[in-house]
Amino acid sequence: MSAPSIIVGAGQAGVRAAETLRRLGYGGGIMLIGDEPHPPYQRPPLSKKFLLGEMSEQQLWLQGDGFFIQNDIEFMVDMRVSMIDPHLRRVRLSDGAEMDYHKLILTTGSHARLLPVPGADLRGVHTLRTIADVLDLREAVVGVERVAIVGGGYIGLEVAAVLREQGKAVIVLEGEDRLLKRVMSPLMAEFFLKLHLKHGAEVRLGEKVVRLLGQSTVSGVELDHGEQIAADLVLVAIGGRANDTLALEAGLPCQDGIIVDEHGQAAPDIYAAGDCTRFPLRRYGRFVRLESVQNANDQARAVAHAIAATPEVYDPIPWFWSDQYDVKLQIAGLAQGFDRYTAEGDPDSGSFSVSYFHGDHLLAVDAVNAPRAHMLARRQLAQSAGARAP
Ligand code: FAD
């Protein structure tokens, strides 16, 4: 019997790759191996409804009971792949077993960056990536009054919104001089700043944390100009890094992300999809690493096509969303490199959009409580010949 195709990482991309292979009629064995003690689950609610306690663990699962049996997919839970031998086409598992593969698909995701300062390992310092992280955080915030969030990106701001709804005193410390600076216009950054201030969060911009204070448990943060801010709990939300060590050790080219081609292929018989990849996004003329559900799903589908059907070039219109209080932000395209922007609608009305351009090329549209503007933007971006940024 020939070896199965092995998918490493049972998250959004892993489960989508397995499902698509079967849907395309792939008749070989499929093994999905995940190192978390859960079925594959969606992460976006982790910093939103699941953190609030408005969603159960079961509601996070990406597939219902019976999916693996019905699709003849062998799912190994709580098992890590610790080594890849591309020459022998073999992987080693954390229990020491070794298995040959027909095709290998790496969907290992990403991890939260840690704060590279003294005190980062104190009790009471959290990051947020997994169900286990949220369960820890939910337990830890009970009885806590003052929370410091380091990083004013999407996850930091979403958690700030949830904790404010729970009545915690929240201070967001952002190193740049405006929120989401790399990806947003000053207008949009100002809107989100006002939103968080209106709900009672303190937001400090241009603040660099140089130390976390405390003996065994965190008691505050120290800023580069010497000021100390008291906090009973610190959430570090300063972005993610690709889980590419396994691939790197196997000799695959990596650069904060496994380098793949436009079909998701990294090496002969080895593919990768989702947060762990860096891939050529033709329409923007550069290599990107994206952390989004859209990318995990669509790149995994492209990989399954490359293996089991006619290969398709993966050149998506990236899209993403973020929920903060009563605001739904929907983003189409990539704004990085914009040199001008235009706004439609009035931010004070709570529903508006901002379009980003480089020269005449539309790069991206941010839509706030404006789902039609978002859908229109996706269509416009799909029709444009290519929105090349500098
Ligand atoms: P993951 O879903 O992370 O799955 C990778 C899996 O592989 C993990 O379970 C990991 O433990 C496992 N693994 C790693 N190494 C190994 C190994 N060696 N052996 C076995 N298993 C391994 N995106 C949006 O579009 N909108 C949002 O609003 C949004 N909100 C988010 C909120 C939070 C808190 C987080 C953390 C992410 C959010 N995202 C959002 C991003 C989105 O969830 C990710 O882009 C998506 O989950 C990526 O899917 P993936 O399959 O690449 O990785």
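Residue numbers for the sequence shown follow numbering that gives the first Met the number 0, beginning at 0 and rising by one. Idealized CB from N, CA, C, for every residue including glycine.
(1) If you draw a straight line from the C-alpha of Glu201 to the C-alpha of Ser291, how long is it?
(2) If I measure Cβ to Cβ from Ser109 and keep anything under 7 Å in the same chain, skipping five residues before and after, which residues do I get?
(3) Can you give me the start and stop residues for the beta strand (DSSP E) that Met390 sits inside?
(4) Below 8 Å on the Cβ atoms is my guess for Leu105 versus Gly8; work out the distance and round it to an integer in Å.
(5) Give a single yes or no on whether Ala265 has its beta carbon closer than 7 Å to a heavy atom of ligand 1.
(6) Suppose you measure from the CA of Lys180 to the CA of Ala188; what does that come to, to the nearest Å?
(7) Could you say if the region 13 to 30 and the region 298 to 316 meet the contact criterion of at least three C-beta pairs nearer than 8 Å?
(8) If we count the other Cβ atoms within 10 Å of its Cβ and call it buried at 16 or more, is His373 buried or exposed?
(9) Roughly how many angstroms lie between the CA atoms of Arg210 and Ala305, to the nearest whole one?
(10) In three-state terms, what does DSSP make of Ala17?
(11) Rounded to the nearest angstrom, what separates Ser350 and Ala366 at their Cα positions?
(12) Could you tell me the alpha carbon to alpha carbon distance between Pro389 and Gly205, rounded to whole angstroms?
(13) Within 7 Å: the Cβ of Thr106 and any heavy atom of ligand 1?
(14) By Cβ distance below 6 Å, which residues in the same chain neighbour Ala2 in space, the five residues on each side in sequence not counted?
(15) Does the separation of the CB atoms of Gly10 and Pro43 fall below 8 Å?
(16) Please report the residue range of the beta strand (DSSP E) in which Met82 lies.
(17) Answer with buried or exposed for His86, where buried requires no fewer than 16 other C-beta atoms within 10 angstroms of its C-beta.
(18) Across the region 323 to 338 and the region 351 to 365, are there enough close Cβ pairs to call them in contact, namely three or more that are closer than 8 Å?
(19) How should Ala230 be labelled, buried or exposed, when 16 other C-beta atoms within 10 angstroms of its C-beta is the threshold for buried?
(20) Could you check if Leu194 belongs to the surroundings of ligand 1, using beta carbon to heavy atom distance under 7 Å?
(21) I'd like to check one pair, His198 with Ala160: are the Cβ atoms closer than 8 Å?
(22) With respect to 7 Å, is the separation between the Cβ of Gly8 and the closest non-hydrogen atom of ligand 1 below this value?
(23) Using 7 Å as the cut-off, classify the Cβ of Leu234 as near or not near the heavy atoms of ligand 1, replying yes or no.
(24) From the DSSP output, which residues share a beta bridge with Gln323?
(25) Run through DSSP, which three-state label would Thr276 get?
(26) Counting only runs that start and end within the region 48 to 134, where is the alpha helix (DSSP H) found for 4 or more residues in a row?
(27) For Arg21, which residues in the same chain have their Cβ closer than 6 Å to its Cβ, ignoring the five residues on either side in sequence?
(28) Can you list, in chain order, the stretches of the alpha helix (DSSP H) that have 4 or more residues and sit fully within the region 198 to 250?
So, from the listed chains and residues:
(1) Distance between the alpha carbons of Glu201 and Ser291 is about 28 Å.
(2) Here the set comprises Gly239, Arg240, Ala241, Asn242, Asp274, Cys275 and Glu290.
(3) Nothing in the structure corresponds to residue 390, since the chain is present only between 0 and 389.
(4) That pair is a contact at about 7 Å.
(5) Incorrect: Ala265 has no Cβ contact closer than 7 Å to ligand 1.
(6) Note on geometry: alpha-carbon atoms of Lys180 and Ala188 lie some 7 Å from one another.
(7) Contact between the region 13 to 30 and the region 298 to 316 is established, with three or more Cβ pairs separated by less than 8 Å.
(8) Around the CB of His373, 16 or more other CB atoms lie within 10 Å, so the residue is classed as buried.
(9) Arg210 and Ala305 have their C-alpha atoms roughly 47 Å apart.
(10) DSSP places Ala17 in the helix class (H, G or I) of the three-state scheme.
(11) Straight-line Cα distance between these residues: approximately 8 Å.
(12) Its pLDDT being 42, under 50, Pro389 is placed unreliably in this model, and the value from its coordinates should be taken loosely. Our two residues, Pro389 and Gly205, have alpha carbons roughly 26 Å apart in a direct line.
(13) Short note on Thr106: C-beta closer than 7 Å to some heavy atom of ligand 1.
(14) For Ala2, where only same-chain residues beyond five positions count, the Cβ hits under 6 Å are Asp99, Tyr100 and His101.
(15) For Gly10 and Pro43, no; Cβs fall outside 8 Å.
(16) In the DSSP assignment, Met82 falls within the unbroken beta strand (DSSP E) covering Val80 to Asp84.
(17) Looking at its Cβ environment, which holds fewer than 16 other Cβ atoms inside 10 Å, His86 is exposed.
(18) By the Cβ rule, the region 323 to 338 counts as touching the region 351 to 365, because three or more pairs are nearer than 8 Å.
(19) The Cβ neighbour count for Ala230, taken over all protein chains shown within 10 Å, is at least 16; the residue is labelled buried.
(20) Taken from the Cβ of Leu194, every heavy atom of ligand 1 lies 7 Å or farther away.
(21) Yes, these two residues count as a Cβ contact at 8 Å.
(22) Gly8: yes, Cβ under 7 Å from ligand 1.
(23) Not under cutoff, so the answer is no.
(24) Paired residues: Val326.
(25) It is a strand residue.
(26) Positions of the alpha helix (DSSP H) runs, each at least 4 residues long and wholly inside the region 48 to 134, are given as 48 to 51 and 66 to 69 in order along the chain.
(27) Correct list, in chain order: Asn70.
(28) The region 198 to 250 contains these whole alpha helix (DSSP H) runs: 244 to 248.
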